[in-house]
Amino acid sequence: MFALLNRKAAACCGFFLLLCVSAWTETAYAQKGKWYPDDGAAPALKLKTVDNQEIDLSALKGRLVIVNFWATWCGPCVAEMPSLQALGTRLGAKNAVVLGVNYHESPQKISDFQLRHPVTFPLLRDPWQEASGEWKVRVLPTTFIVDAAGVLRYRVVGEVDWGSKEVADRLKKILDADSKNKVIPTSRSVKAELPGSVSQGG
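Counting from 527, one number per residue, gives the positions in the sequence shown under my numbering.
Listed below in structure tokens is the structure:
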């Protein structure tokens with residue numbers, strides 16, 4: 527019981543700390559995200575949507591995966607959602623997957639958000655910030671680019687126009703390398719793994 531209370535207290539403190547940091551950095555990152563190259567294995571990620579569908583990053587090998595950590599109260603997060611949606615549509619589910627990992631908000635908050643800002647990529651819940659802790663997220667939005675082999679290629683801190691030429695050039699290099707390395711996608715179908723949209727229910 528004591529351990530559970532400590533966990534809740536730590537989660538609450540982490541939430542308010544990130545809220546303050548995000549508010550402080552909102553102006554700094556509103557126009558231009560910062561790209562940091564990486565080459566380590568992507569941490570595990572297994573989370574559920576508000577309608578209880580589980581998404582496992584390890585099952586998505588063979589495709590580029592864009593993991594976006596966000597919250598409804600984060601202005602830059604909301605601002606970049608349409609371009610993330612458009613990017614996922616443009617790349618196609620056979621080539622890439624966009625995952626939105628929500629930071630410490632209720633299923634109702636996420637569902638209400640989607641009513642106002644429709645997206646078709648999965649919005650995942652991270653209620654105890656276990657995923658954000660594992661991925662070392664300090665500022666929202668933070669987005670990770672994971673290649674088809676499950677290797678982290680970039681950490682992107684701040685808002686990005688995902689329809690820009692800079693993004694297209696960076697992702698093309700990764701997709702070309704993936705194609706050359708011939709990473710074989712998982713046998714399960716994309717439709718079976720990824721819900722078309724988040725449930726509108728609570």
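Glycine residues also receive a C-beta, built at the ideal position from the N, C-alpha and C atoms.
Asked                                                                                                                                                                                     : Found
For residue 708, name the three-state secondary structure that DSSP assigns.                                                                                                              : coil
Can you say whether residue 707 is buried or exposed, counting buried as having 16 or more other CB atoms within 10 angstroms of its CB?                                                  : exposed
So, for residue 622: in the same chain, excluding its five sequence neighbours on each side, which residues have a beta-carbon less than 6 Å away from its beta-carbon?                   : 589 and 590
Assuming residue 593 contacts residue 670 (C-beta within less than 8 Å), just tell me the rounded distance between them.                                                                  : 4 Å
Might you give, ordered along the chain, the residues of its own chain that have their beta carbon closer than 6 Å to the beta carbon of residue 668, omitting 5 neighbours on each side? : 595 and 683
Could you spell out the range, first to last residue, of the beta strand (DSSP E) harbouring residue 624?                                                                                 : 622-629
Do residue 602 and residue 692 count as a contact pair if the criterion is CB distance below 8 Å?                                                                                         : no
What's the gap between the Cα of residue 578 and the Cα of residue 637?                                                                                                                   : 13 Å
So what does residue 669 bridge to, in DSSP terms?                                                                                                                                        : 594 and 682
Grouping DSSP H, G and I as helix and E and B as strand, with all else coil, what is residue 634?                                                                                         : helix
Quick check on residue 536: buried or exposed, where buried means 16 or more other Cβ atoms within 10 Å of its Cβ?                                                                        : The predicted model places residue 536 with a pLDDT of 46, which falls under 50 and marks its position as unreliable; any figure quoted below should be read in that light. The residue is exposed, with fewer than 16 neighbouring Cβ atoms inside 10 Å.
How many angstroms separate the CA atom of residue 676 from the CA atom of residue 634?                                                                                                   : 31 Å
Checking 8 Å against the spacing of the C-beta atoms, do residue 701 and residue 566 come in under that value?                                                                            : no
Please classify residue 651: is it buried, with 16 or more other beta-carbons within 10 angstroms of its beta-carbon, or exposed?                                                         : buried
Closest by CA to residue 645, which one among 573, 558 and 606?                                                                                                                           : 606
Closest to residue 581 by C-alpha separation, out of 562, 643 and 649, would be which residue?                                                                                            : 649
Residue 597 CB to nearest chain B CB: under 8 Å?                                                                                                                                          : Judged by its chain identifiers, the structure shown contains no chain B, having just a single protein chain.
Whole angstroms are fine: how far does the CA of residue 569 sit from the CA of residue 673?                                                                                              : 13 Å
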